[in-house]
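Visitor: Sharing a structure below in structure tokens format, with a few things to ask.
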Amino acid sequence: MKSEGLKTPKPNTALVIGGGIIGLATAYSLCRRGLQVTLLDEGPVDQRASSATAGIIGGSSVIPWAHSKLWPRLPKHLLNREGPLRAAKPLPKNLMSFLMRGLQAGCTEARAASASGLANLGLRGWDSWQDLLCDLPDARDLFVQNGCLFYYESEKDAFADSSSNAIRRSFGMDLTELDAADMRTLLPSLTRPAAAGVAVNSAGHVVDPIGLQEKLQKAILGTGAKLVKQRVNNFEFVENKVVSVATDEGCYEADTFILCAGCRSSVLAAQLGHRTQMIPAWGASVTFRNSKLDLRIPLLILSDGIAVTPASGGLRISGLLQVGGAGNAKAMIAALIDHAKRLFGDFDYTDIITFAGPRPLSADSLAFLGVDPANDNLYHNYGHGHWGLTQAAISAQIIGDLVLGLDPKIDISAYRPHRN
Ligand SMILES: Cc1cc2nc3c(=O)[nH]c(=O)nc-3n(C[C@H](O)[C@H](O)[C@H](O)COP(=O)(O)OP(=O)(O)OC[C@H]3O[C@@H](n4cnc5c(N)ncnc54)[C@H](O)[C@@H]3O)c2cc1C
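Now the structure itself:
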């Protein structure tokens with residue numbers, strides 16, 4: 002295994018908390034840099050955001066979720082059981098403070114800063130994955146770069162997204178406007194015609210997100226790393242250092258610690274005094290196995306909050322956003338199946354596989370990424386929200402640099418873990 006610009010490795014051992022795509026990419030990046038890694042993960046693979054993901058790399062990845070036009074419409078959105086955004090009980094305890102912070106993050110200036118922070122990570126998504134996986138050709142083969150399409154059912158939908166497209170272009174995203182005839186040619190299987198579309202030419206997708214996690218895990222274990230299926234309950238400190246983490250079954254020591262526990266990171270971050278403004282924003286996916294539909298390019302229907310992705314062995318439809326509900330995704334799964342029927346009519350498939358997972362959604366749409374201000378051997382890497390698959394490899398490389406005492410390739414001040 003090659004090293005990534007390694008100078009003198011400072012710590013010898015690293016403990017990564019969380020084995021979703023962020024934790025796996027981080028663990029793998031640290032293994033490549035010669036560290037002895039222990040990865041702790043509490044839960045089943047099918048309850049991760051990383052398993053429910055649509056798999057798109059760099060689709061609309063520079064647009065923050067919070068914006069001033071959302072607030073007047075929010076109550077109507079949350080009460081509409083058929084819409085892209087819904088609420089279910091129990092609601093997250095910090096929902097009010099999260100929304101208040103989201104209100105600030107949606108103001109013009111703050112929103113521009115969030116877009117820039119998203120672009121800094123998101124637009125490096127494809128290349129950083131290629132770079133991270135340079136020694137893992139079978140994992141790299143799961144990535145395809147065919148672009149993706151924004152689907153607009155009406156000219157009104159296309160117009161509503163035009164200001165977001167202007168922001169995307171301002172960051173250098175290569176977009177091509179498409180008319181109804183172009184969309185018909187590109188999407189022959191669609192029975193619900195589009196009035197217009199936009200092609201995001203540099204986007205890519207992962208054909209098998211679970212396969213990617215499995216291949217990363219295998220590669221990590223292949224370096225001699227340990228995988229421990231336990232939940233981390235708390236950190237133990239001596240002066241300004243973390244010395245171990247405690248689980249129900251014991252303590253695990255290391256030289257350096259990286260918190261990558263997705264939306265549950267805020268529970269552990271609270272022990273460090275951080276009031277992380279993040280909620281679990283549940284989403285779901287349905288994969289129609291052995292569907293014969295001819296879809297080569299992923300499709301994003303932003304007005305419905307869904308994506309359709311060609312997947313190995315089928316067709317995956319995913320998305321929606323449920324605040325609360327503690328993982329009860331039945332309504333979202335039923336809605337996704339309805340969406341598929343509306344898009345493709347009665348199509349053939351043999352069976353379906355479903356996943357639901359909580360996106361770790363921050364109020365300002367940005368990840369929490371960097372060294373802890375009070376404990377200099379503890380690093381944060383979570384809160385990647387809608388675009389964690391896209392941002393995983395670049396975030397992992399940033400953590401790898403920080404752990405080795407190297408300057409990260411980009412300015413990471415916008416992602417300070419202690420902001421609230
Ligand atoms: C429906 C849907 C569609 C999406 N589509 C896209 C897309 O097209 N492109 C894109 O870039 N992103 C997409 N995303 C977002 C992306 O999937 C997430 O941002 C990303 O998966 C988050 O990864 P994670 O590792 O932080 O969290 P997770 O995948 O949730 O993993 C967190 C892990 O931490 C573990 N954990 C939690 N607490 C502890 C603890 N105390 N001790 C030990 N382990 C712990 C959990 O068991 C879990 O395995 C989508 C998300 C959803 C839900």
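Heads up, the sequence shown is in my numbering, so the first residue is 2 and it goes up one at a time.
Positions of the beta carbon are idealized from the N, C-alpha and C atoms, including for glycine.
1) Touch check for the segment 107-123 and the segment 66-76: three-plus C-beta pairs under 8 Å?
2) Quick check: does the Cβ of Ser171 come within less than 7 Å of any heavy atom belonging to ligand 1?
3) Would you say the beta carbon of His275 comes nearer than 7 Å to a heavy atom of ligand 1?
4) Use the C-beta contact count for Thr351: other C-beta atoms within 10 angstroms, 16 or more gives buried, fewer gives exposed.
5) Pick from Ala394, Cys261, Ala271, Lys227: whose alpha carbon is nearest that of Arg420?
6) Please classify Asn147: does DSSP put it in a helix, a strand, or coil?
7) With 16 as the cutoff for other CB atoms within 10 Å, does Val404 come out buried or exposed?
8) Going by DSSP, what residues sit across from Arg265 in a beta bridge?
9) Is it right to say Gly406 is buried, meaning 16 or more other beta carbons lie within 10 angstroms of its own, or is it exposed?
10) Going by DSSP in three states, Ile298 sits in which element: helix, strand or coil?
11) Determine which residues share a DSSP beta bridge with Val246 and list them.
12) Taking only three categories from DSSP, how would you classify Trp283?
13) Assign Pro189 to one of two classes, buried (16 or more other C-beta atoms within 10 Å of its C-beta) or exposed (fewer than that).
14) Count the other C-beta atoms from every protein chain shown that fall within 10 angstroms of the C-beta of Arg170, then say buried if there are 16 or more, exposed otherwise.
15) Under 8 Å by Cβ, that's how I've got Arg125 and Leu134 pegged, so tell me the actual separation to the nearest angstrom.
16) So, for Ala327: in the same chain, excluding its five sequence neighbours on each side, which residues have a beta-carbon less than 7 Å away from its beta-carbon?
17) Using only CA atoms, which one of Gly225, Glu215, Ser267 lies nearest to Asn234?
18) Can you tell me which residues form a DSSP beta bridge with Gln37?
19) Per the contact definition of three or more C-beta pairs closer than 8 Å, is the segment 48-55 in contact with the segment 377-395?
20) Do you know how far the Cα of Ala364 is from the Cα of Phe99?
21) Measure the alpha-carbon distance for Ala368 versus Tyr416 and round it to whole angstroms.
22) For the beta strand (DSSP E) holding His206, just list the boundary residues, first then last.
23) Please confirm if the segment 299-318 is in contact with the segment 331-351, defined as three or more CB-CB distances below 8 Å between the two stretches.
24) Quick one: give me the first and last residue of the beta strand (DSSP E) that Ser319 is part of.
25) Compare the Cα-Cα distances from Val243 to each of Thr288, Lys230, Leu260 and report the closest residue.
26) I'd like to check one pair, Val199 with Asn241: are the Cβ atoms closer than 8 Å?
Guide: Walking through what the data contain:
1) A contact between stretches requires three or more CB pairs, one per stretch, nearer than 8 Å, and the segment 107-123 meets this requirement with the segment 66-76.
2) Here residue 171 refers to the residue found at position 170 when the sequence shown is read from its first residue. No.
3) Looking up residue 275 in the sequence shown gives position 274. Outside the cutoff, so no.
4) Sequence index remark: in the sequence shown, residue 351 carries index 350 (1-based). It is exposed - the Cβ of Thr351 has fewer than 16 other Cβ atoms within 10 Å.
5) Within the sequence shown, the letter at position 419 stands for residue 420. When each option's Cα is compared against that of Arg420, the closest is Ala271.
6) To locate residue 147, count along the sequence shown from 1; it is residue 146. Asn147 sits in coil when the DSSP states are folded into three classes, being neither helix nor strand.
7) For the purposes of this step, residue 404 is identified with residue 403 of the sequence shown, where counting begins at 1. Val404 counts as buried, since no fewer than 16 other beta carbons sit within 10 angstroms of its beta carbon.
8) Against the sequence shown, residue 265 aligns to sequence position 264. Answer is none; Arg265 lacks a bridge partner.
9) The sequence position of residue 406 within the sequence shown is 405, counting from 1. Gly406 should be labelled exposed.
10) Along the sequence shown, read from residue 1 onward, the residue named residue 298 stands at position 297. Ile298 sits in coil when the DSSP states are folded into three classes, being neither helix nor strand.
11) Here the question's residue 246 lines up with position 245 in the sequence shown. Its beta-bridge partners are Phe236, Tyr253.
12) The residue you call residue 283 lines up with position 282 of the sequence shown. Looking at Trp283 - three-state DSSP - the assignment turns out to be strand.
13) For the purposes of this step, residue 189 is identified with residue 188 of the sequence shown, where counting begins at 1. Exposed.
14) Along the sequence shown, one-based indexing puts residue 170 at 169. Arg170 should be labelled exposed.
15) On the sequence shown, residue 125 is found 124 positions in, with the first residue counted as 1. On the sequence shown, residue 134 is found 133 positions in, with the first residue counted as 1. Contact annotation, Arg125 with Leu134: C-beta distance approximately 14 Å; criterion of less than 8 Å not satisfied.
16) Taking the first residue of the sequence shown as position 1, residue 327 is located at position 326. Residues Pro91 of the same chain have their beta carbon placed closer than 7 Å to that of Ala327, with the five preceding and five following residues left out of the count.
17) As a working note, residue 234 is residue 233 in the sequence shown. When only C-alpha atoms are compared, the closest one is Ser267.
18) As a working mapping, residue 37 is identified with position 36 in the sequence shown. The bridge partners DSSP lists for Gln37 are Thr14.
19) By the criterion of at least three beta-carbon pairs nearer than 8 Å, the segment 377-395 is in contact with the segment 48-55.
20) Locating residue 99 in the sequence shown gives position 98, counting from the first residue. Locating residue 364 in the sequence shown gives position 363, counting from the first residue. Roughly 6 Å between the two C-alpha positions.
21) To locate residue 368, count along the sequence shown from 1; it is residue 367. To locate residue 416, count along the sequence shown from 1; it is residue 415. When rounded, the distance between both Cα atoms is 6 Å.
22) In the sequence shown, the residue the question calls residue 206 occupies position 205. From DSSP, the beta strand (DSSP E) with His206 extends over 205-207.
23) Verdict: yes, contact present.
24) On the sequence shown, position 318 is the one that residue 319 refers to. Start and end: 315-325.
25) Looking up residue 243 in the sequence shown gives position 242. Nearest of Thr288, Lys230, Leu260 to Val243, Cα basis: Leu260.
26) As a position in the sequence shown, residue 241 is number 240, starting the count at 1. As a position in the sequence shown, residue 199 is number 198, starting the count at 1. Against a cut-off of 8 Å, the Cβ pair of Val199 and Asn241 comes out as no contact.
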